[in-house]
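Residue numbers (the working numbering), protein chains in the order written: chain A, 350 to 469; chain B, 350 to 469.
Positions of the beta carbon are idealized from the N, C-alpha and C atoms, including for glycine.
There are 2 protein chains.
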Amino acid sequence: MIALVDMDGTGRLSLQEFRLLWNKIKQWQGIFRHYSSDQAGIINSYEMRNAINDAGFRLNNQLYDIITMRYANEGMNIDFDSFISCLVRLEAMFRAFQAFDQDGTIRLSVLEWLQLTMYA
Amino acid sequence: MIALVDMDGTGRLSLQEFRLLWNKIKQWQGIFRHYSSDQAGIINSYEMRNAINDAGFRLNNQLYDIITMRYANEGMNIDFDSFISCLVRLEAMFRAFQAFDQDGTIRLSVLEWLQLTMYA
């Protein structure tokens, strides 16, 4: 999780990075609580879509399927830890994209690609 | 680990995918044994560079530093599990790059970027 928000690549979290992450996690916790109120600490994959939307991410169906496959258990439910892992990763990957974004797309050499994907 | 070699995105490993992974792991195990012969089941970060080279990957210094930061312990040593995790990820990320490679670089939209990075 540290690797995902360690934007200056020091291997440590600065106080600023920690505060940013903490505020996001508090916000995501509120969203999770809203959707998990009918069950004990889990949300289903349909609620997961709404929760991701509420967190401000606009994804397509293929991405929702990928996320469900990666983060849900056999019963298609997502627990709090998996939910937070997913959103930390989404946030980090969106930020990484923005850092390289030129015109809505990014162009990467193989070494840039590996630098972005081997640490995360 | 399954996510990293599940190239058809089914969430399962086909027999073919499993065989490919297994053969790679056996090859990497031999490389690890070669460098860990002087210690008990670990290699240091310098041996890690040579091991990655022997596995056929050509990286730059920045990437070796990233990999050490991500996979080595406090003593700058890498155990067998971390070594295999690292090489499985390197292999998967190289293959993902090749699938999009046009002219030595890849161009990705934000949704393509997320599809590649959220599952791995």
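Requested in this report: Classify residue 363/A as helix, strand or coil using the three-state DSSP reduction.
Outcome: coil
Query - residue 458/B in three-state terms, based on DSSP - result: strand
Requested in this report: Would you mind telling me which residues of chain A sit closer than 7 angstroms to residue 446/B, beta carbon to beta carbon, in chain order?
Outcome: Neighbours of residue 446/B on chain A, chain order: 459 and 462.
Query - Neighbouring residues, chain A, relative to residue 455/B (Cβ below 9 angstroms) - result: 455, 456, 457, 458, 459 and 462
Query raised in the report: Count the other CB atoms within 10 Å of the CB of residue 402/B; is the residue buried (16 or more) or exposed (fewer)?
Result: exposed
Query - DSSP three-state assignment for residue 387/B, whether helix, strand or coil - result: coil
Query - Inter-residue spacing [alpha-carbon to alpha-carbon] between residue 447/B and residue 462/A - result: 11 angstroms
Report task. Round the Cβ separation of residue 427/A and residue 391/A to the nearest angstrom and send it over; I've been treating them as touching at under 8 angstroms. Result -> 6 angstroms
Query raised in the report: Could one say the Cβ of residue 384/A lies closer than 8 angstroms to chain B's Cβ atoms, at least one of them?
Result: no
Query - Of the listed residues 451/B, 453/B, 380/B and 443/B, nearest to residue 466/B (C-alpha basis) - result: 443/B
**Report entry** chain B within 8 angstroms of residue 439/A, Cβ atoms only
**Finding:** yes
Query raised in the report: What does residue 426/A pair with, by DSSP beta-bridge criteria?
Result: 393/A
Query raised in the report: Who are the neighbours of residue 409/A on chain B, taking C-beta pairs under 7 angstroms?
Result: 460
Report task. Would you mind reading off the limits of the alpha helix (DSSP H) that contains residue 410/B? Result -> Residue 410/B -> alpha helix (DSSP H) spans 410 to 420.
Report task. Tell me, please, whether the CB atom of residue 436/A is closer than 8 angstroms to any CB atom in chain B? Result -> Nearest CB-CB separation between residue 436/A and chain B: not below the 8 angstroms threshold.
Query raised in the report: Anyone know if the C-beta pair for residue 460/B and residue 409/A falls short of 8 angstroms?
Result: yes
Query raised in the report: Which of the three DSSP states, helix, strand or coil, is assigned to residue 378/B?
Result: helix
Requested in this report: Using a Cβ cut-off of 7 angstroms, pull out every chain A residue sitting near residue 415/B, in sequence order please.
Outcome: 464, 467 and 468
Report task. Please classify residue 471/A: does DSSP put it in a helix, a strand, or coil? Result -> Chain A is shown from 350 up to 469; residue 471/A falls before or after that span and cannot be answered.
Report task. Thinking residue 456/A and residue 417/B are a contact (beta carbons under 8 angstroms), I'd like their distance in whole angstroms, please. Result -> Going by Cβ atoms, the distance from residue 456/A to residue 417/B rounds to 27 angstroms, so no, they are not a contact pair.
Requested in this report: Check whether the Cβ atoms of residue 396/B and residue 413/B lie closer than 8 angstroms to each other.
Outcome: no
Query - Member of 440/A, 464/A and 445/A whose CA lies at the smallest distance from the CA of residue 372/A - result: If we check each option's Cα against that of residue 372/A, 440/A comes out closest.
Query raised in the report: So which residues of chain B does residue 412/A contact, with C-beta pairs closer than 9 angstroms?
Result: 460, 463, 464 and 467
Report task. Report yes or no: is there a C-beta of chain B within less than 8 angstroms of the C-beta of residue 425/A? Result -> By this cut-off, residue 425/A is not an interface position.
Query - Listed by chain order, chain B residues near residue 442/A by CB distance under 8 angstroms - result: 462, 463, 466 and 467
Query raised in the report: Are the beta-carbon atoms belonging to residue 415/B and residue 411/A less than 8 angstroms from one another?
Result: Going by C-beta atoms, residue 415/B is not nearer than 8 angstroms to residue 411/A.
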